[in-house]
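**Q** Attaching a single structure in structure tokens format; questions to follow.
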Amino acid sequence: MTDSIDPKRFALTGSRPSNSNHQKPPRHGRGDKFLKGPIPLNWLAKAARQPGKALHVAIAIWFFAGMTRSRSVTLSSRLMFTLGSSRFSTYRGLKALEEVGLVAVIRHPGRSPRITIQDFSEADAQ
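Per the numbering used here, residue 12 is the first one in the sequence shown, and the count goes up by one each step.
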């Protein structure tokens, strides 16, 4: 005795799955803020391996660098708060980035630090 095959068992439910390999990534809308690149992946990977909010600080630094078209920037406490980083965690993250040579920082009492993005190569990663 053979079992009959019920084609309804193999029917897809809901809408057809989309082929995500051919879809473009989302883009910012008119007037929206965005992160400008390219950002060297080895630089970003080194920042991601640092403790605390170092990656948050790194992203904010690159955001301001893209806005000003300069590798030297001053961070905004408002943006850091938006990214979920307090003043103190921002300073700790900045110190971590500075210690591994990703940024150079000039500090003045009572003012936001001036940050300069440093070149970072694969040779520096070892």
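Cβ atoms here follow ideal geometry from the backbone N, Cα and C, with glycine treated the same way.
Are at least three pairs of beta-carbons, each pair with one atom in the stretch 77-90 and one in the stretch 51-66, less than 8 Å apart?
**A** no
**Q** Measure from the alpha carbon of Gln-1 to the alpha carbon of each residue in Thr-79, Arg-103, Ala-69, Ser-100, then state which is nearest.
**A** Outside the modelled stretch of the chain, which goes from 12 to 137, sits residue 1, for which no answer is possible.
**Q** Along the alpha helix (DSSP H) that carries Arg-125, what are the first and last residues, could you check?
**A** For Arg-125, no alpha helix (DSSP H) segment is defined; the enclosing uninterrupted segment is the beta strand (DSSP E) at 125-128.
**Q** Along the chain, where does the alpha helix (DSSP H) containing Ser-100 start, and where does it finish?
**A** 98-110
**Q** For the beta strand (DSSP E) holding Ile-117, just list the boundary residues, first then last.
**A** 114-117
**Q** Check whether the Cβ atoms of Val-116 and Ile-126 lie closer than 7 Å to each other.
**A** Using a Cβ distance threshold of 7 Å, Val-116 and Ile-126 count as a contacting pair.
**Q** Assign Ser-88 to one of three DSSP states: helix, strand, or coil.
**A** helix
**Q** Can you tell which of Leu-46, His-119, His-39, Ile-50 has its C-alpha closest to the C-alpha of Leu-94?
**A** Ranking the options by Cα distance to Leu-94, first place goes to Leu-46.
**Q** Hey, how far is the Cα of Ser-96 from the Cα of His-67?
**A** It is roughly 7 Å from the alpha-carbon of Ser-96 to the alpha-carbon of His-67.
**Q** Out of Lys-44, Ser-15, Thr-101, state which residue places its alpha-carbon closest to the alpha-carbon of Gly-77.
**A** Nearest in C-alpha terms to Gly-77, of all of Lys-44, Ser-15, Thr-101, is Lys-44.
**Q** Exposed or buried, which one is Thr-79 when buried takes at least 16 other CB atoms within 10 Å?
**A** The residue is exposed, with fewer than 16 neighbouring Cβ atoms inside 10 Å.
**Q** Secondary structure at Ile-50, three-state DSSP: helix, strand or coil?
**A** coil
**Q** How about Ala-71 and Leu-90: are their beta carbons less than 7 Å apart?
**A** yes
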